[in-house]
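At position 129 of the sequence shown (counting the first as 1) the number is 134 in our numbering, and the numbers step up by one without a gap.
Here a beta-carbon is modelled for each residue, glycine too, at the ideal position from N, C-alpha and C.
Remember, predicted model here, so these are calculated numbers, not experimental data.
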Amino acid sequence: MKLHHLKPAAGSKSRKIRVGRGEAGRRGKTAGRGTKGQKARSKVRQGFEGGQTPLQRQLPKLKGFKNPNRDPFVVVNVERLDQFDAGSTVSPDEMRAVGLAKQRGRIKVLGEGDVDKALNVRAHAFSLGAVEKIKAAGGSVEVVE
């Protein structure tokens, strides 16, 4: 094989269509644009709707923005803490090890469900309902920074 033997794949290269080259040709006179009108005379920009208010102007702008630096809480409900032994200390690392929370993010304990064991719970945040339920069961709460 030599350099002058190389050819592009069949069908990958097509010849440029020459339009508007006399009335005798297939694409002469109006050059495939039909007769008269805006599209026959010049280019129409994308999204133009003939003077009607275009769709992108009819739709409302979205308000606000999404904060890229937001640090969301991972939510753990009180009823899920029931799997730990009574009297044990439940820290964020232990919750992650058991699979209650993802590896990243701060943990917030919410008051969904009931807990009947006295647990010492350590987390980044607690709801008021969760604090009441944990203390009612004889446990304690500690906020971790």
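query = Are F89 and V95 closer than 9 Å when you measure CB to CB?
reply = Along the sequence shown, read from residue 1 onward, the residue named residue 89 stands at position 84. Along the sequence shown, read from residue 1 onward, the residue named residue 95 stands at position 90. Their beta carbons are under 9 Å apart, which means F89 touches V95 by this criterion.
task = Use the C-beta contact count for R75: other C-beta atoms within 10 angstroms, 16 or more gives buried, fewer gives exposed.
result = Position 70 of the sequence shown, counted from the first residue, corresponds to residue 75. Flag for R75 reads exposed.
request  = Reducing DSSP to helix, strand and coil, say where K113 ends up.
outcome  = For this step, residue 113 is matched to residue 108 along the sequence shown. The answer is strand: DSSP assigns K113 an E or B state.
key: Separation of P97 from K107, as counted between CA atoms   = By one-based count along the sequence shown, residue 107 stands at place 102. By one-based count along the sequence shown, residue 97 stands at place 92. Taking the straight line from one Cα to the other gives about 10 Å.
task = Tell me where the beta strand (DSSP E) around E147 begins and ends.
result = For the purposes of this step, residue 147 is identified with residue 142 of the sequence shown, where counting begins at 1. Where E147 is concerned, the enclosing beta strand (DSSP E) stretches over 145-148.
request  = Quick one: measure Cβ to Cβ for R131 and G110, integer angstroms, because I've assumed they're closer than 8 Å.
outcome  = One-based indexing of the sequence shown puts residue 131 at position 126. One-based indexing of the sequence shown puts residue 110 at position 105. In the sequence under discussion, the amino acid at residue 131 is Phe, which differs from the Arg named in the question. Actually they are not in contact, since the Cβ atoms of F131 and G110 sit about 16 Å apart, beyond 8 Å.
ask   = When DSSP builds the beta bridges, which residues end up paired with V156?
value = One cannot answer for residue 156 here, as it falls past the ends of the chain, which runs 6 to 150.
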